[in-house]
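Here's the structure we're looking at; comments come further down.
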Amino acid sequence: MRPRRHILFPAFLSLFLLPGRAQVEQKGIVVEMSSHNRPVAGVQIKAYGATPTDSDGKGLFTLTFPNAFPGDPLSLNEVYLQGYRIVNAEKVSRWNISSTSLLKIVLGRKEVIEALRKKYYQIGESNNEKEYRNAVRQLEELKVRYSYSERLYRQKLDSINEERIRLRGLLDFYARKFACLDRDDLDSLESRAMALIDQGRLNEAIRVYEDMKIDAAIRSGTVMTEETEKDLRLLVPSLEKEFRLSRQVNDTARCDSLALLVYEAASDIPLRLEMLRWLFLRGKHDMAMARLAGLIQTSKSSQELLQLELTLDSLKKTGPPSEVLRQMDILQARIGKKKKWINIKERL
C-alpha cells in the first residue's frame, strides 16, 4: 500500500495557504430603557452567522461567530422578550462585530412606551391648539395695527393653518419616537428636546428634533440609515420650505445642500426634478445627470418618462457645455427605448 503522506501533506498545507475566517465572540448587555441601565435577563438574541443565546441575570450575553472577522457587520435576526421591544435598533444596525467592544441593546416595556406615546400625543395636541389660537390672536392684532389688506391677512392665516396641519401630521410619529428615547443615553440635542417635553412644550421639542435631523443630514451629505431615511421623508415639507426660504435670501450654498436632501428624501417626481434643475443650473451637471439617469432606470410609467423628457428638453435650452449635451442625448435615447418597452407592457 502506498504511503498516504503525499495526500495528507497538501491538505495540511492548505490550512495555511487558503484564507479562512476565525471564531469571533461579540459580548453584549441588555438593559431597560430609562432605568439607569438596569439589566434585563432572559432575552433571546439571534444574529446571522452566530449561535443563538440568552442574556443572563446580569443582562450579559455572548454571540459566537464561528466563521467571521472582527469588523464584519452585525445582523440581528431577533431580540425577544415577551412584553418588551428594542428601542435602539438604529444604533445596533450600525454595529460591526468586535471582540473588544460591548454591544448595548436597550429594551423598553411595551406598556410603558404606549403610555408615554399617549401622554406625549395629548401634550402635542394641547400645544398645537394653544399655538394656533395665539397665532390667530396675534394676527388679528397685527391686522388692526398695520391695516392689513384682506389678501395679506388671508395669506398669513393660510400660513398659520398650514403649520397647524403640518405639526398635527408629525405628532403621532414624534410621540412614538420620543416615547422610545432612552434617557440614559441622550446626546445634547436630544436632551434639549426631552427637557422641552418635560416642560409640556412638545411642539418646540419637535422643531428642535427636526432641526437636528436636517442639520445632521446636511453635514453628512447623505442619508445613512433606513431609520434616518424614514425621518427625512417625514421632513420633506420642512426641507422644501427651508429650501425656498434660503432661495429667497440668496443662500445658494444652503440651497445646494437642501436640494440634494429633498431629492433623496422625496417621492414626488415633479419635486425631485425641480431639485435636479436647481443643481444643474448651479453647475453640478454630473450630479444632476447621474440622478436623472437613475430616475429613467426606475421609472414605471409613460407619464413619468414624459416628465423626465420635458425636463431634459428645458435643461438643454440653458446652453450647457458640449460634453453635457452628449450625456443628455444619451439619456434621451434611453428614454425613447424605455417608452417603447413601457408602451408594450401597458398594452398587455
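All residue numbers for the sequence shown refer to the numbering used here, where the first residue is 271 and numbers rise by one.
Just so it is clear, CB atoms sit at the ideal spot from N, CA and C, and this is done for glycine as well.
Are the region 546 to 566 and the region 517 to 526 in contact at 8 Å, needing three or more beta carbon pairs? yes
Kindly list the residues whose CB is nearer than 6 Å to the CB of S325, restricted to its own chain and excluding five residues on each side of it in sequence; keep chain order. V300, A311, V313 and F331
Rounded to whole angstroms, what is the Cα-Cα separation between R462 and T588? 46 Å
Simplified DSSP state of R524, which is helix, strand or coil: helix
Residues near Y444 by beta carbon distance below 6 Å, same chain, minus five either side: I476
One or two residues paired with P343 in a DSSP bridge: N366
Nearest residue (CA-CA) to Q352, options E480, V506, Q408 and R379: Comparing Cα-Cα distances from Q352 to each of E480, V506, Q408 and R379, the minimum goes to R379.
Given a cut-off of 9 Å on the beta-carbon distance, is the pair I566 and K608 in contact? Between I566 and K608, the CB-CB gap stays under 9 Å.
When the Cα atoms are used, what is the spatial distance from R517 to P591? 25 Å
Within its chain, find whatever has a CB closer than 7 Å to the CB of A338; leave out the 5 residues flanking it on each side and keep chain order. Leaving aside the five residues that flank A338 on each side, the residues in its chain whose CB is nearer than 7 Å to its CB run, in chain order, R291, V294, G319 and I367.
Mind checking which residues open and close the beta strand (DSSP E) that includes N307? Counting along the chain, N307 falls outside any beta strand (DSSP E), and DSSP gives it neither H nor E.
Using only CA atoms, which one of Y354, G606 and N397 lies nearest to E381? Y354
Mapping DSSP to helix, strand and coil, what is A338? strand
Verify whether the separation of the beta carbon atoms of T568 and L543 is less than 9 Å. no
Specify the secondary structure class of T568 as computed by DSSP and reduced to three states. Looking at T568 - three-state DSSP - the assignment turns out to be helix.
Pair within 9 Å by beta-carbon distance, L451 and V362: no
D556, DSSP secondary structure in three states: D556 falls in the helix class under three-state DSSP.
Quick one, are the C-beta atoms of L595 and K586 less than 9 Å apart? Contact flag set, yes.
What whole-angstrom Cβ distance do L333 and Q296 have, given they're in contact under 8 Å? About 4 Å; that satisfies the 8 Å criterion.
Closer than 7 Å by C-beta to L440: which residues in its own chain qualify, once you throw out the five before and the five after it? Chain order, please. I476 and L504
Distance, Cα to Cα, S508 vs A536? 11 Å
If you scan the region 454 to 483 from start to end, which runs of the alpha helix (DSSP H) of 4 or more residues do you find wholly inside it? 458 to 468
Contact set for R446: own chain, Cβ-Cβ below 7 Å, skip 5 residues either direction: R387
Whole-number beta carbon distance between P322 and K316, since they are thought to touch under 8 Å: Between K316 and P322 the beta-carbon gap is near 5 Å, inside 8 Å, which marks them as a contact.
Please list, in chain order, all residues of the same chain as Y479 whose beta carbon is under 6 Å from its beta carbon, the five residues on each side excluded. Excluding residues within five positions, the ones whose Cβ falls inside 6 Å are A463.
Compute the beta-carbon to beta-carbon distance between D454 and N307, rounded to the nearest angstrom, for a pair I have assumed lies under 8 Å. 6 Å
Return helix, strand or coil for T332, following the three-state DSSP convention. strand
Taking 9 Å as the cut-off, decide whether the C-beta atoms of I430 and V414 are in contact. no
How would you call K610, buried or exposed, if buried means at least 16 neighbouring beta carbons within 10 angstroms? By the neighbour-count rule (16 or more Cβ atoms within 10 Å), K610 is not buried but exposed.
Taking only three categories from DSSP, how would you classify A603? helix
Measure the beta-carbon distance from L531 to A563 and round it to whole angstroms, keeping in mind my assumption that it falls under 8 Å. Actually they are not in contact, since the Cβ atoms of L531 and A563 sit about 20 Å apart, beyond 8 Å.
Considering just the uninterrupted stretch of the alpha helix (DSSP H) at V390, what are its terminal residues? Inspection of the sequence shows that residue 390 is occupied by Tyr rather than by Val. Residues K380 to Y416.
Do you know offhand how far Q577's Cα is from P540's? 8 Å
CB-CB under 7 Å to Y390, same chain, minus the five flanking residues each way: which ones, in chain order? A445, F448, A449, I467 and L472
Counting only the same chain and skipping the five closest in sequence on each side, list residues whose C-beta sits under 8 Å from that of N347. K316, A317 and Y318
So the candidates are D428, G298 and E432; which of them puts its Cα closest to the Cα of L372? G298
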